[in-house]
Amino acid sequence: NAGVMQNPRHLVRRRGQEARLRCSPMKGHSHVYWYRQLPEEGLKSMVYLQKENIIDESGMPKERFSAEFPKEGPSILRIQQVVRGDSAAYFCASSPRQDRTEAFFGQGTRLTVV
Amino acid sequence: AQSVTQLGSHVSVSEGALVLLRCNYSSSVPPYLFWYVQYPNQGLQLLLKYTSAATLVKGINDFEAEFKKSETSFHLTKPSAHMSDAAEYFCAVQNSGGGADGLTFGKGTHLIIQP
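Protein sequences, first through last, are from chains A and B. Residue 134 is where the first sequence ends in our numbering, and the numbering goes up by one at each step. Residue 123 is where the second sequence ends in our numbering, and the numbering goes up by one at each step.
Below, the structure written as structure tokens:
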């Protein structure tokens with residue numbers, strides 16, 4: 021039973037480019053959570069999605085950031101026109117029910133903006 | 009609103025010594041509390057969680073934590089440190105309403121094990 025898969029593990033983008041981060045949840049999990057970890061900080065919740073629905077995006081910046089979890093395929097976190105301050109580790113977690121306490125985390129994508 | 013404070017960004021102990029990582033929380037309602045461990049270049053793994061049952065919670069790898077309401081604390085302990093325990097540890101709180109409520113994480117404590 022594969023765990024939560026995130027790719028790429030490392031992503032380098034120049035300022036102004038787009039970053040696409042992918043998260044394949046565990047088999048049977050229909051709830052996905054994205055977190056951002058800035059250097060020397062704890063994880064901050066960004067967005068919570070179910071298949072084809074955004075449930076809570078209150079932690080996600082209003083500009084440049086978007087997320088989706090289509091019926092088929094992985095969940096995507098997209099950051100448009102990246103800036104240096106977007107450099108961080110982005111973690112995805114998934115759960116079988118609407119309960120973060122049961123979520124399993126992926127290994128994260130480390131985004132570096134140069 | 010809820011928040012978590014982890015005292016000490018770095019804690020160093022000798023192999024075989026007691027591990028104590030401190031966590032204090034604030035929450036307007038009875039909380040759920042968690043400790044996660046993050047090994048280098050890995051995702052977070054759940055060590056243990058408190059969800060209003062027994063106040064002393066046992067987790068994996070001989071870690072345990074005690075919920076003390078009067079002190080608003082949930083400190084993590086392990087009787088004897090092992091080199092493999094070197095990692096980043098995060099305390100987190102969630103309102104017991106659960107559901108879409110997010111987990112609020114502390115800034116983390118880096119545990120260093122001296123040989």
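C-beta atoms are modelled at their ideal positions from N, C-alpha and C, and glycine is treated no differently.
N-terminal and C-terminal residue of the beta strand (DSSP E) that residue i is part of
i: T85 of chain B; result: S81 to K86
i: Q46 of chain B; result: P39 to Q46
i: V12 of chain B; result: S11 to L15
i: T132 of chain A; result: T129 to V133
i: D76 of chain A; result: N73 to D76
i: Q26 of chain A; result: M25 to N27
i: K57 of chain B; result: L52 to Y58
i: R56 of chain A; result: H51 to Q57
i: V103 of chain A; result: Taken as a continuous stretch (DSSP letters only), V103 of chain A belongs to no beta strand (DSSP E), as it is neither H nor E.
Identified DSSP bridge partners for residue i
i: L76 of chain B; result: Here residue 76 of chain B is Lys; the residue named in the question, Leu, does not match the sequence. For K76 of chain B, which the question treats as bridged, DSSP gives the partners B:S81.
i: R98 of chain A; result: A:R40 and A:S86
i: A62 of chain B; result: Note: A62 of chain B sits in no beta bridge, so no partner.
Helix, strand or coil at residue i according to DSSP, with G and I counted as helix
i: M91 of chain B; result: helix
i: G107 of chain B; result: Residue placement at G107 of chain B is flagged as unreliable, the pLDDT there being 44, under the threshold of 50; a coordinate-derived value is accordingly withheld.
i: N69 of chain B; result: helix
i: D119 of chain A; result: coil
i: V27 of chain B; result: strand
i: M66 of chain A; result: strand
i: N32 of chain B; result: strand
i: R35 of chain A; result: coil
Closer than 9 Å to chain D by CB, residue i
i: K115 of chain B; result: Judged by its chain identifiers, the structure shown contains no chain D, and its protein chains are A and B.
Practice prompt. Report yes or no: do the region 25 to 32 of chain B and the region 107 to 114 of chain A share at least 3 C-beta pairs separated by less than 8 Å?
Written response: no
Discussion item. Using a Cβ-Cβ cutoff of 9 Å, what residues of the region 48 to 81 of chain B are near chain A? List them in chain order.
Written reply: N49, Q50, G51, L52, Q53, L54, K57 and T59
Practice prompt. For the region 24 to 58 of chain A, enumerate the residues whose C-beta is nearer than 9 Å to any C-beta of chain B, in chain order.
Written response: V24, Q26, R29, Y53, Y55 and Q57
Discussion item. Can you confirm whether the region 34 to 44 of chain A touches the region 93 to 111 of chain A when touching is taken to mean that 3 or more C-beta pairs between the two stretches lie within less than 8 Å?
Written reply: yes
Worksheet item: Are at least three pairs of beta-carbons, each pair with one atom in the region 36 to 45 of chain B and one in the region 15 to 25 of chain B, less than 8 Å apart?
Response: no
Item to complete: With 7 Å as the limit, tell me which residues of the region 109 to 127 of chain A have their beta carbon closer than that to any beta carbon of chain B; keep them in chain order.
Response: F111, Q118, D119, R120, T121, F125, G126 and Q127
Worksheet item: What residues from the region 19 to 43 of chain B come within 8 Å of chain A, judged by C-beta to C-beta, listed N to C?
Response: Y40 and F42
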